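Chains as they are written, first to last, in the working numbering: chain Y, 1 to 117; chain G, 1001 to 1117. We treat Cβ as the ideally placed atom computed from N, Cα and C, and that holds for glycine. Source: prediction; values computed, not measured. Structure first, then comments.
Now the structure itself:
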């Protein structure tokens, strides 16, 4: 069994953007922290919802018909199958939850390798 | 589809302790906020892990063989089947994730009714 996970300490261990690090497991899901900056790719996850909680900074989650802006302390769940593009004007830190093995781009060919830290 | 969920705004809507409010759904799980103070009951969830993230304050998660102390920005997942007792000396605010319908005490007879806000 793990010990307490300090999210800021985990985030201090890396500087790359859009490269989620696994910090815990929950019922077959990866709980991850990620640093983001700039625009990600448009993508969807056909089989899973996508959980975002902003820990620091601010992001836009662009949907095809609107934009959901999230500041620190705000969360949003993108429903399965819904196309979205996260965009961060400045660096932001996020907590993500996805079923283990979910490709972050929606496509295994282009997905980041998720490392446990 | 929901809009952004501001966790502090949700927490400002109620004052009762140990009574989780549902703020979002993720793949059949309830994402909840809760205010806690004092000691909860010893319990376990035989079929599910139990996700805790401290948003404000500090809690101890007592396990039978040790205590995991969590401050704001720290998280812990109690594995399925593991007995635990959350204790908060002063009021603390938590984000919880559990499969929809999980009794917070481990026992449907004594569980809080979880309301969506």
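| Query | Result |
| --- | --- |
| CB contact below 8 Å: residue 1059(G) versus chain Y | no |
| Residue 1016(G) vs residue 1102(G) beta-carbon contact at 8 Å | no |
| Limits of the unbroken alpha helix (DSSP H) element including residue 1039(G) | Not the alpha helix (DSSP H): residue 1039(G) falls in the beta strand (DSSP E), residues 1029 to 1039. |
| Three-way DSSP call (helix, strand, coil) for residue 10(Y) in this model | helix |
| Exposure of residue 64(Y), with buried meaning 16 or more beta-carbon neighbours within 10 Å | exposed |
| Whole-Å CB distance - residue 1107(G) paired with residue 1045(G), under 8 Å assumed | Between residue 1045(G) and residue 1107(G) the Cβ distance is about 10 Å, and since that is not below 8 Å, they are no contact. |
| Residue 955(G) burial status per 10 Å Cβ neighbour count (16 or more: buried) | Any question about residue 955(G) goes unanswered here, given that chain G covers just 1001 to 1117. |
| Any 3 or more C-beta pairs closer than 8 Å across the stretch 55 to 71 of chain Y and the stretch 1025 to 1032 of chain G | no |
| C-beta neighbour in chain B for residue 1032(G), strict 8 Å | The structure shown contains no chain B; its protein chains are Y and G. |
| Same chain only: Cβ atoms within 8 Å of residue 1085(G), ignoring 5 sequence neighbours per side | 1039, 1040, 1041, 1042, 1043, 1061, 1062 |
| Simplified DSSP state of residue 1045(G), which is helix, strand or coil | coil |
| Neighbour flag for residue 1090(G) against chain Y, beta carbons, 8 Å | no |
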